[in-house]
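Reading through the C-alpha cells given below for one structure.
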C-alpha cells in the first residue's frame with residue numbers, strides 16, 4: 004500500500020518517459036510499491052545512471068520508486084563489530100562517515116575519489132553495487148576487499164548474502180527486491196584503493212585495484228584480499244595474487260612483479276575510452292600504488 | 209498531477225513528465241537559459257544549479273525529485289544586479305571566455321566560497337573536477353577564485 008500520491012505523467016503522446024515517480028516516505032512503502040509494480044517498476048536512488056538511459060538508448064521503466072529520502076536507507080551505523088551502510092547513502096556521505104576510521108581508508112578513498120563532487124553527492128552506494136552494467140564502479144572492488152555482505156529486502160522479508168554472490172545474481176534479482184544495506188565487518192587491517200582515470204580526476208577509471216592486508220609483528224602478510232575493477236565487466240577478486248603475497252613482507256615493487264606474472268587471467272573489456280589490453284597492462288602499476296598506500300595507512 | 213518547483217525564490221507549478229531533467233524545465237518552460245545541457249552525463253557541470261544549497265547537475269535530476277526543494281540557478285545569484293563575490297572576481301580577472309561553462313562554474317564556485325573559506329589552489333582544482341572549461345581557461349578561473357577568497 005502506497006502512502007501519498009505518485010506524481011503521474013501527463014499523457015502527451017508516444018514518448019520514452021515513465022508514467023510515474025513515487026517518492027516513497029518509508030522503506031515499507033517503497034517495498035510495497037516495488038512489489039505492486041513488479042517488472043514494470045524499479046528503484047530510483049541518486050539517478051545518475053538511470054537518468055542517462057536515453058544516452059545509452061535504453062528505455063526507461065514505466066514506474067520508479069524514489070528511495071533517496073528514506074531515513075532508514077540514508078544512515079551509516081558504525082558499530083564495534085561492523086559498519087552498516089544504508090543503500091541510499093551517497094558516496095560523499097560515506098566518505099565523510101569513514102574519515103576517522105583508518106581500517107576503511109580504501110573504501111573512503113573509493114567513495115571520496117569517484118566521479119566529481121556533485122556526482123558524489125548524488126550517487127548512492129546501493130546504486131553503485133546494483134547497476135550490473137556499470138563496470139567502473141569504485142565501491143564494488145573496495146567492498147570486495149572488506150568481505151562485505153549485501154542485504155536484499157522484499158515485502159516478504161530480507162536476506163543477507165556475500166557481495167561476490169550478489170554480483171553474480173544482481174542482474175536477475177526478482178522484481179520487488181531492493182538492496183537495503185551493506186554490512187562490512189570491522190577488523191585490524193591496512194586497506195587502499197588505486198584507480199587510473201584518463202585525467203587526474205573526474206573520469207571513469209581505466210582500471211582499479213583495491214587491497215586489504217593484515218600483517219603480523221614482523222610485517223609479513225597474514226591475510227590479503229585484492230580486487231580488480233573496471234578491467235572486466237564486473238569486479239572480482241584476484242586469488243592467485245592474494246596467495247602470492249601471504250607470508251612475505253608487503254613490498255610494493257615485489258607485489259607489482261608478482262602481479263605482472265599473473266595478469267594473464269584477466270580478459271579486459273574493450274570500450275571507447277580504453278582498449279582491453281591497456282586495462283590489463285596497468286594492473287601491476289596499480290598494485291604497486293595500492294601497496295604503497297596500504298603501507299602508509 | 210503536476211508538482212511545484214521553487215526557483216530563485218519563486219514558487220512555480222509544473223506539469224512536465226516526472227522524469228524530465230530539471231535543466232529542460234528550467235530552460236524550456238521557465239526560460240532560465242543560464243544552465244546549459246551540454247554533456248547530459250554529469251561530467252561537464254555546465255548545467256549546475258543549487259538544490260537546497262548543494263551544487264547539482266540539473267541534467268541528472270528528474271523534475272519530480274526537485275518537487276518541494278529550493279532551486280537556485282545562476283540567474284538567482286546576482287539579485288538586484290549586484291555581482292556576488294566570485295562573479296566580481298571572475299570579471300576583475302578577465303576570466304570569462306566563451307561562456308559555455310561559466311554559469312556552472314559560477315554556481316559551483318559560489319557554493320565553494322561559502323563552504324571552503326580556507327581553500328588552497330589544490331582544493332579549488334579538486335572542487336572543479338566536475339566543471340569542464342572547453343576553452344581550457346582554468347588558470348584565470350583559479351586565480352579569480354583565489355582573489356575572491358583573499359577578498360573575503
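Residue numbers (the working numbering), protein chains in the order written: chain A, 4 to 300; chain B, 209 to 360. Don't be surprised by glycine CBs; every beta carbon is placed ideally from N, CA and C.
*Identify the contact partners of residue 23 of chain A in chain B, using a Cβ-Cβ distance below 8 Å as the criterion.*
226
*Nearest chain B C-beta to residue 291 of chain A closer than 7 Å, yes or no?*
no
*Taking Cβ to Cβ, would you say residue 24 of chain A is nearer than 7 Å to residue 90 of chain A?*
no
*When the Cα of residue 67 of chain A is compared with those of A:79, A:43, A:243, which residue comes out closest?*
A:43
*Examine the Cβ distances between the segment 131–140 of chain A and the segment 186–196 of chain A and report whether three or more of them are shorter than 8 Å.*
no
*Backbone CA spacing between residue 268 of chain A and residue 243 of chain A [nearest angstrom]*: 9 Å
*Please confirm whether residue 264 of chain B and residue 121 of chain A have their CB atoms less than 7 Å apart.*
yes
_Closer than 8 Å between beta carbons: that is the criterion. Which residues of the segment 111–134 of chain A meet it against chain B?_
118, 119, 120, 121, 122, 124, 125
*asked:* Taking CB distances under 7 Å as the criterion, tell me whether residue 245 of chain B reaches chain A.
replied: no
_7 Å Cβ shell around residue 321 of chain B - same chain, five flanking residues per side excluded_ = 293, 294, 356, 357
*For residue 168 of chain A, which of helix, strand or coil comes out of DSSP?*
helix
*Interface residues of chain A around residue 284 of chain B at Cβ under 8 Å?*
Near residue 284 of chain B there are no residues of chain A at all, since even the closest Cβ is about 18 Å away, more than 8 Å.
*Which residue's Cα is closest to the Cα of residue 233 of chain A: A:258, A:259, A:283?*
A:283
*Once you ignore the five residues that flank residue 289 of chain A on each side, which residues in its own chain have a CB closer than 8 Å to its CB?*
197, 198, 199, 210, 211, 212
_Please list, in chain order, the chain A residues whose beta carbon lies closer than 7 Å to that of residue 335 of chain B._
120
*Hey, would you say residue 270 of chain B sits closer than 7 Å to residue 255 of chain B, going by beta carbons?*
no
*Which residue comes first and which comes last in the beta strand (DSSP E) that contains residue 256 of chain B?*
256–259
_I'd like the ranges of any alpha helix (DSSP H) spanning at least 4 consecutive residues and lying wholly in the segment 131–190 of chain A._
142–147, 166–172
*Could you list which residues in chain A have their beta carbon closer than 8 Å to that of residue 272 of chain B, in chain order?*
10, 24, 26, 69
_Can you give me the C-alpha to C-alpha distance between residue 4 of chain A and residue 99 of chain A, rounded to a whole angstrom?_
Residue placement at residue 4 of chain A is poorly supported in this model, since its pLDDT is 45, which falls under 50; the coordinates are not used for a value here.
*In this structure, does DSSP put residue 232 of chain A in helix, strand or coil?*
strand
*Where residue 277 of chain B and residue 281 of chain A are concerned, what is the direct C-alpha to C-alpha distance, given to the nearest angstrom?*
44 Å
*Determine the chain B residues that contact residue 63 of chain A at a beta-carbon separation under 8 Å, and present them in chain order.*
227
*asked:* Pop quiz: residue 267 of chain B and residue 280 of chain B are said to be a contact at Cβ under 8 Å. What is the actual Cβ separation, rounded to whole angstroms?
replied: Not confirmed; about 16 Å, so no contact.
*Could you run through the segment 190–207 of chain A and flag, in chain order, every residue whose CB is less than 7 Å away from some CB of chain B?*
204, 205
*To the nearest angstrom, how far is it from the Cα of residue 224 of chain A to the Cα of residue 39 of chain A?*
50 Å
*Contacts that residue 55 of chain A makes with chain B (C-beta to C-beta distance below 9 Å)*: 248, 249, 250, 267, 268
*Using a Cβ cut-off of 7 Å, pull out every chain B residue sitting near residue 51 of chain A, in sequence order please.*
250, 268
*For residue 325 of chain B and chain A, any beta-carbon pair shorter than 7 Å?*
no
*residue 303 of chain B: which of B:353, B:323, B:272, B:230 sits nearest, CA to CA?*
B:353
*Which residues in chain B sit within 8 Å of residue 73 of chain A, going by Cβ to Cβ distance?*
Ordered by position in chain B, no residue passes the 8 Å Cβ test against residue 73 of chain A, which lies about 13 Å from the chain.
*Count the other CB atoms within 10 Å of the CB of residue 290 of chain B; is the residue buried (16 or more) or exposed (fewer)?*
exposed
*How do the segment 50–59 of chain A and the segment 175–190 of chain A stand: do at least 3 beta-carbon pairs fall below 8 Å, yes or no?*
no
*Can residue 182 of chain A and residue 153 of chain A be called in contact, C-beta distance under 7 Å?*
yes
_DSSP-derived helix/strand/coil call for residue 13 of chain A_ = Low confidence applies to residue 13 of chain A: its pLDDT is 42, below 50, so where it sits in the model is not reliable enough to give any reading.
*Compute the Euclidean distance between the alpha carbons of residue 219 of chain B and residue 27 of chain A, then round it to the nearest angstrom.*
23 Å
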